[in-house]
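Here is the structure we will look at, set down as structure tokens.
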Amino acid sequence: MSEVPENFLFSQSNLQTFAYCRRRFYLRFVKRLVWPAKLHSPEHEQDLRAGTFFHQLIHQHFLGFDQDSLVRQASQDNDPRILQWLSAFLQSCFSRLEGEIFPETSFTIRSGSHLLTAQIDLLQIKTDQHIIIYDWKTSRKLPSVETIKSQFQSQVYPVVIAFRLPLNKYLPISMVYWEANYPDQPIKLSFRESDLQQAKTALVQQMDEICSLQADEFYRTAEIRRCDWCEYRSYCDRGTRPETDLSTDNIHDYEQIIPEGGTEPWG
Ligand code: SF4
Numbered sequence: 105m106s107e108v109p110e111n112f113l114f115s116q117s118n119l120q121t122f123a124y125c126r127r128r129f130y131l132r133f134v135k136r137l138v139w140p141a142k143l144h145s146p147e148h149e150q151d152l153r154a155g156t157f158f159h160q161l162i163h164q165h166f167l168g169f170d171q172d173s174l175v176r177q178a179s180q181d182n183d184p185r186i187l188q189w190l191s192a193f194l195q196s197c198f199s200r201l202e203g204e205i206f207p208e209t210s211f212t213i214r215s216g217s218h219l220l221t222a223q224i225d226l227l228q229i230k231t232d233q234h235i236i237i238y239d240w241k242t243s244r245k246l247p248s249v250e251t252i253k254s255q256f257q258s259q260v261y262p263v264v265i266a267f268r269l270p271l272n273k274y275l276p277i278s279m280v281y282w283e284a285n286y287p288d289q290p291i292k293l294s295f296r297e298s299d300l301q302q303a304k305t306a307l308v309q310q311m312d313e314i315c316s317l318q319a320d321e322f323y324r325t326a327e328i329r330r331c332d333w334c335e336y337r338s339y340c341d342r343g344t345r346p347e348t349d350l351s352t353d354n355i356h357d358y359e360q361i362i363p364e365g366g367t368e369p370w371g
């Protein structure tokens, strides 16, 4: 019998967690254990809060909130980055999208016995039927295109949209990552139909594998440095204190940089 609960909701976040460390996936999503160690350093916590607030402001923008009130909210925040990010966003072409717009929307597909979900910052269906998925980021360091492509988010989101929308034929799908700290360097990925079919097959294989594992096959990562950032360290006998240095490159190899719902430093 599978360790993974029936009707488990797979997402880019928990798939990324599995890739990061099988045991972490097991403790968090199968055993649902409480997190015994402090999750993040104060700086990291501040990044999470700022990223979440920024996402809320953008969401409000697309819901039609008055721009002045958004700027006022941002300027009253203790973190000056909020106003800086919002100003950059409002000046960008991404604040004036046309066509059908779906901000902060969840989409879920069933593939075989698996459920796969995507919580999308913004979905745009243009009048020419081109679909664009937008993701707003607040990274301290601009990730490379290769890093972006390799993350589950860049597979799960387009696959869920491609196989979720009631379309009779393939429509072009692109994904745009817009970094608030690098507003002039958006990263755009485009997907052909064959890319999406291939990505979907790989995702199903991954979900099949996870559901086939026995408890002892959710083993600890061999990359011990990853444990520095993990709240389950005390369960794994790999230390008890959180990492504090956010300036190192290793944060970009950290599964939490691409979270569900935009609540991590990358979010
Ligand atoms: S402490 Fe290390 S081995 Fe344990 S769950 Fe976290 S990343 Fe995995």
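Going by this note's numbering, the sequence shown opens with residue 105, and the numbers climb by one from there. Beta carbons: idealized from backbone N, C-alpha and C, even for Gly. Keep in mind the model is a prediction, meaning the values are calculated, not measured.
Spatial distance of residue i from residue j (CA atoms)
i, j, result
"W189", "A178", "9 Å"
"E359", "C334", "Summary for E359: the model assigns pLDDT 39, below 50, so the residue's position carries little reliability, and this model does not support an answer."
"R214", "S115", "12 Å"
"I314", "M105", "12 Å"
"G168", "D341", "50 Å"
"V134", "Y323", "13 Å"
"L119", "R185", "30 Å"
"T305", "G216", "11 Å"
Near the ligand SF4: residue i beta-carbon under 6 Å from a heavy atom
i, result
"R329", "no"
"R128", "yes"
"Y336", "yes"
"C125", "yes"
"T325", "yes"
Classification of residue i by the beta-carbon crowding that lies within 10 angstroms, buried from 16 upward
i, result
"D349", "Interpretation of D349 is limited by its pLDDT of 44, a score under 50 that renders its predicted location unreliable; the figure taken from the coordinates is listed afterwards. D349 comes out exposed."
"I328", "exposed"
"P146", "exposed"
"R132", "buried"
"W125", "Inspection of the sequence shows that residue 125 is occupied by Cys rather than by Trp. Buried: at least 16 other Cβ atoms inside 10 Å."
"N182", "exposed"
"N111", "exposed"
"L137", "exposed"
"E202", "exposed"
"R296", "exposed"
"D225", "buried"
"Y76", "A query on residue 76 cannot be resolved here, the shown segment of the chain reaching from 105 to 371 and no further."
Any non-hydrogen atom of the ligand ZN within 6 Å of residue i CB
i, result
"C340", "Here the bound small molecules are the ligand SF4; the ligand ZN is not part of this structure."
Residue i - containing beta strand (DSSP E), residue span
i, result
"M279", "277 to 283"
"F211", "204 to 215"
"P146", "Not the beta strand (DSSP E): P146 falls in the alpha helix (DSSP H), residues 146 to 166."
"Y238", "235 to 241"
"L119", "Here L119 belongs to no beta strand (DSSP E); instead the alpha helix (DSSP H) covers 116 to 124."
Helix, strand or coil at residue i [DSSP, three-state]
i, result
"D349", "Unreliable positioning characterises D349 in this predicted model, as indicated by a pLDDT of 44, which lies under 50. A coordinate reading is not provided."
"S199", "helix"
"L220", "strand"
"Y130", "helix"
"Q360", "Bear in mind that the predicted position of Q360 carries a pLDDT of just 37, short of 50, making it unreliable; the figure below should be weighed with that in mind. Reduced to three states, the DSSP call for Q360 is helix."
"S294", "strand"
"P109", "coil"
Terminal residues of the alpha helix (DSSP H) in which residue i lies
i, result
"S258", "257 to 268"
"D312", "297 to 316"
"L174", "171 to 180"
"R337", "337 to 340"
"S254", "249 to 254"
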